[in-house]
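Top line first, the protein sequences correspond to chains A and B. Quick note: the first sequence uses our numbering, first residue 2, plus one each step. Quick note: the second sequence uses our numbering, first residue 5, plus one each step. Note that the Cβ used here is the ideal one computed from N, Cα and C, for glycine as well. The block underneath contains the structure these notes are about, expressed in structure tokens.
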Amino acid sequence: MKKFLNGPWVLLLPTLIILTCVVLLPLLISLWTSFTPFKLTKPDTLYRFVGFRNYERLIGDIDFWIAFGRTVLFLAIALNLELVFGLGIALLINKITYGQRTLRTLMMFPMMFSPILVGFQWKYIFNDNIGLLNNFLREFGVIQPIPWLVDGVLANISIMAAEIWSSTSVFAILLLAGLLGIPKDPLEAARVDGCNSWQVFKNITLPFLMPFVFIAMTIRSLDVARAYDIVQMMTGGGPAKRTELLWTLISRTGYVDAKMGMANAMSYISIFLSIAFTFFFFYKLMQSRQQLSYE
Amino acid sequence: MLRLFLSLILAVSFFGSFSAKAETELWGDYSGVTLRVKLIGGGQYEGLYNEVIPWWEENTGGKIEIVTQKNHFELDKEIKKDIASGNLDFCVASNHTSFASQYGDIYTDLNSIMPASVLADYTPLILEHSTVNGRLVQMPRHSDVSNLYYQKSLYEDADNKANFKAEYGYDLTPPETWDQVKDQSIFFSNPPDFYGTQYVGKEEAIAGRFYELVIANGGALFDENYRPIFNSDAGVEALQWFIDLYNAKAVPEGVLNYLWDDTGLGFASGTIAMNLDWAGWAGFFNDPENSKVAGDIGLVRAPMGSGGLRTGWSGSHSFSMTESCPDKEAAASFLWALTSNKAQMIEARGGLSPTRPAIWDAIIAEKKAEGDEFMLMVFETFKMSLAEDAFTPPLIPEWIEFTNALYPELQAAILGDKSPEDALATASKKATEIMEDAGYF
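Set out below in structure tokens:
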């Protein structure tokens, strides 16, 4: 006992207790509720075990799987576009010698808006009747209003535009930090050897930057659910479920329909999505680090 | 009960010219008592609190602590979370007849707390709608039903009259039926600058509008055992009405994302000919600072469906008292104050429909005396509509969940993703599952 009290476990104990209370217990409770018909308005249902009934229903629920697939597609497209735009912005700002600090501050402005506010402002921009975009297009002869938030493809693109506007700067900042950390010697040596800009970028800058890319991807793939507020404000997952993502579906099932047991079952299935994305990006991160150390 | 005393006085003492029958007052000495309350927020609702809370505090010595003030859908979510966590540490909350049955037995039965003389001041039918499983869990604040606002000048225009008669074969007058609304909407529409009408297009809002049209067409949502029966001729006809207007571009294309603010502001913008809306918008529509149609507004009772009935989806905003409230006498006094003659007169002056018969008489008399023809028309129309046309949605805990299953299917049919029959069949299947899970059959 004395050995235990003097050992490293004692030092770890506060952390373990906090992690258990803040992370493990809520996870276990929500896992339990996914095996119950728990309704928020009927607390007694928390103690009624129904086995895998919620999961069985979800497996046969086509609406859930369509939302699941749309969420994967949304994540894949939005994150990659954010990466491309973020990389472009970071490279441009890295080239600037005057006013870089001001531009870095300006670049962070979209991050300062709450997602709810971002949703409101983009809903207004894309409004078919009084929206800025349609009125702007009208000046160029597009008389018939474009139903940005109604058409299935356009509505998803509109939401993505809002999400990309809001979060590209996260990529840009992380990648800019990476760019600032690249040693100058290999870059100068490559130029002396006659490499053009593309060759320098492809063979030196990008490999150095890849660990930062995957760190940014991992952070954003876990953080992207913040876009729930944007989707909720702009379309609420509609019309006719055309923009339904897992986040809007789970939120409506859990808090409006009050079916928290079912919502948690949906969440646990979607956790696999997060784990898969995170695992993939960590795997790629390790690979790129190993490659850098070989070189 | 010592602190509680009842006194009968003439309500006229509150409002000068207001001559109504005597009201039972519920004052008491609640010095040292603080009531925690959760209230519906928004411009339309908060004026009442600014006047009634200081009035109650001054007369009782008690204090009101507003814990939450947010829109009703957010408040609903918060209260559901409170129920789940067992954290009902407030005394009074805003409620609604469409929502109340979800909350189980967290709210006190006011039959055993409110004196009969107090309850006698409210419209009996509204008290009935405020009752869940035989327990009166709400004190009604104001009632809602929708009627049809329209731009008068469109109907007075000689060219419009002649052209409409030539095209449709009958005179252009404010519509009496929903088929006429459709004809006239298509006639008036000139998209994208002007539309004949509009409708709320998502969530409970469109489900409620569909519901009232099904009833007006002679159908029903459920049979007596709560089996869904809206996949019927009346249901398809109701859904087809929404589809026809959308396809004819007689409503804005983004209408399926519209909620109440969008339709209200749309009509006020002057780009909509007819608008089915609640009484609370009347003052806004006729205010030149907010509305381009001020001074040009007509109002008729909601039109009839093919079943010969008028649409009349109705409900009442209300206040409830939690079972866990430690100061029920004080809370009862505050509930009374929030729904008293004084309180209802404040809201009636803003255009809201009172739940006390005495206030209807008082506000109509006041508007007559002021010569305010517009508001007089509003109150007389809504009074008749509430008396003769209004009906509530099924007062069951599953109402909101049911509407969440129904509305995406309505939207799918309106957008042409599904036929009305397919959409209603899918919605009916989902509704059956919900009612089965809830144990109705």
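CB contact below 9 Å: residue i versus chain B
i, result
"A:Gln-145", "yes"
"A:Leu-133", "no"
"A:Asn-55", "no"
"A:Pro-38", "yes"
"A:Gly-237", "yes"
"A:Lys-203", "no"
"A:Arg-105", "no"
"A:Val-257", "yes"
"A:Arg-71", "no"
"A:Ala-241", "yes"
"A:Gly-8", "no"
"A:Lys-96", "no"
Under 9 Å between C-beta atoms of residue i and residue j
i, j, result
"A:Pro-44", "B:Asp-441", "no"
"A:Asp-64", "A:Leu-274", "no"
"A:Met-1", "A:Ile-174", "As shown, chain A starts at 2 and ends at 296. That puts residue 1 of chain A outside it, with no answer to give."
"A:Val-171", "A:Gly-120", "no"
"B:Asp-266", "B:Gln-202", "yes"
"B:Val-218", "B:Gly-239", "yes"
"B:Leu-243", "B:Ile-233", "no"
"B:Ile-276", "B:Phe-198", "yes"
"B:Gln-142", "B:Asn-75", "no"
"B:Gly-284", "B:Gly-354", "yes"
"B:Ser-134", "B:Thr-112", "no"
"B:Glu-384", "B:Ile-368", "yes"
"B:Glu-327", "B:Leu-92", "yes"
"B:Tyr-153", "B:Phe-246", "no"
"B:Tyr-34", "B:Leu-43", "no"
Cutoff 6 Å; reference residue i; Cβ partners in own chain excluding five residues on either side
i, result
"B:Phe-9", "Caution is warranted here: a pLDDT of 43 is assigned to B:Phe-9, below 50, making its placement in the model unreliable, and the coordinate value is therefore given only provisionally. Closer than 6 Å at Cβ, skipping near neighbours: no residue."
"B:Tyr-230", "Met-439, Tyr-444"
Distance cut-off 8 Å: residue i Cβ against heavy atoms of the ligand ADP
i, result
"B:Gln-48", "Among the components of this structure there are no ligands whatsoever, and the ligand ADP is therefore not found."
Contacts that residue i makes with chain B (C-beta to C-beta distance below 7 Å)
i, result
"A:Gly-262", "In chain order: nothing, as chain B lies at least about 11 Å away."
"A:Lys-43", "Gly-108"
"A:Asn-128", "Gly-258"
"A:Val-119", "Those do not exist, as A:Val-119 stays about 17 Å from chain B at its closest Cβ, beyond 7 Å."
"A:Arg-253", "Asn-408"
Residue-chain proximity (residue i, chain A), Cβ-Cβ < 9 Å
i, result
"B:Phe-94", "no"
"B:Lys-84", "yes"
"B:Gln-415", "yes"
"B:Gly-90", "yes"
"B:Ser-322", "no"
"B:Ala-24", "Confidence at B:Ala-24 is low in this model, with a pLDDT of 46, below 50, so its placement is unreliable and the value that follows should be read with caution. It does not; no Cβ of chain A falls within 9 Å."
"B:Ile-418", "yes"
"B:Asn-251", "no"
"B:Phe-214", "no"
"B:Tyr-411", "yes"
"B:Phe-18", "Because B:Phe-18 carries a pLDDT of 40, less than 50, the predicted location of this residue cannot be relied on, and no value is offered for it."
"B:Gly-205", "yes"
Where residue i meets chain B, residues with beta-carbon distance less than 8 Å
i, result
"A:Pro-148", "Glu-257, Gly-258"
"A:Thr-219", "Going along chain B, no residue has its Cβ under 8 Å from A:Thr-219, so there is no contact; the nearest lies around 31 Å."
"A:Val-151", "Glu-257, Gly-258, Leu-260, Asn-261, Leu-419"
Close beta carbons around residue i, own chain, < 8 Å, minus the five adjacent residues each side
i, result
"B:Ile-438", "Glu-402, Glu-405, Phe-406, Ala-409"
"A:Leu-133", "Tyr-125, Ile-126"
"B:Trp-1", "As shown, chain B starts at 5 and ends at 445. That puts residue 1 of chain B outside it, with no answer to give."
"A:Ile-94", "Gln-101, Leu-104, Arg-105, Met-108, Ala-173, Leu-177"
"A:Leu-80", "Met-218, Arg-221, Ser-222, Val-225"
"A:Thr-46", "Thr-37, Pro-38, Phe-39, Lys-40, Gly-262"
"A:Phe-69", "Leu-247, Ile-270, Ser-271, Leu-274"
"B:Ser-189", "Tyr-199, Gly-200, Thr-201, Leu-249, Ala-252, Ala-254, Val-255, Ala-277, Met-278"
Chain-ordered chain A contacts of residue i [CB-CB under 8 Å]
i, result
"B:Ile-219", "Ordered by position in chain A, no residue passes the 8 Å Cβ test against B:Ile-219, which lies about 24 Å from the chain."
Contact set for residue i: own chain, Cβ-Cβ below 7 Å, skip 5 residues either direction
i, result
"A:Ala-259", "Lys-40, Leu-41, Thr-42"
"B:Tyr-411", "Lys-206, Glu-207, Ile-210, Ala-211"
"B:Pro-195", "Lys-253"
"A:Ser-168", "Glu-83, Arg-221"
Contacts of residue i in chain A (Cβ-Cβ under 7 Å)
i, result
"B:Glu-405", "Asp-258"
"B:Ile-87", "Leu-41, Thr-42, Pro-44"
Residue i: contacting residues in chain A (beta-carbon distance under 9 Å)
i, result
"B:Pro-361", "Neighbours of B:Pro-361 on chain A: none; closest Cβ ~33 Å, over 9 Å."
- prompt: For the 8 Å Cβ check, are there 3 or more pairs between the region 383-398 of chain B and the region 146-156 of chain B?
  reply: yes
- prompt: Pairing CB atoms from the region 118-130 of chain B with CB atoms from the region 27-42 of chain B, are three or more of them under 8 Å?
  reply: yes
task: Could you tell me whether the region 273-287 of chain A touches the region 45-61 of chain A, using the rule of 3 or more Cβ pairs below 8 Å?
output: no
- request: Mind the definition here: the region 97-108 of chain B touches the region 329-341 of chain B only if three or more C-beta pairs lie below 8 Å; say whether that holds.
  value: no
- request: Could you say if the region 66-75 of chain B and the region 232-244 of chain A meet the contact criterion of at least three C-beta pairs nearer than 8 Å?
  value: no
Segment contact flag, the region 218-230 of chain A with the region 11-25 of chain A, C-beta cutoff 8 Å, min 3 pairs: no
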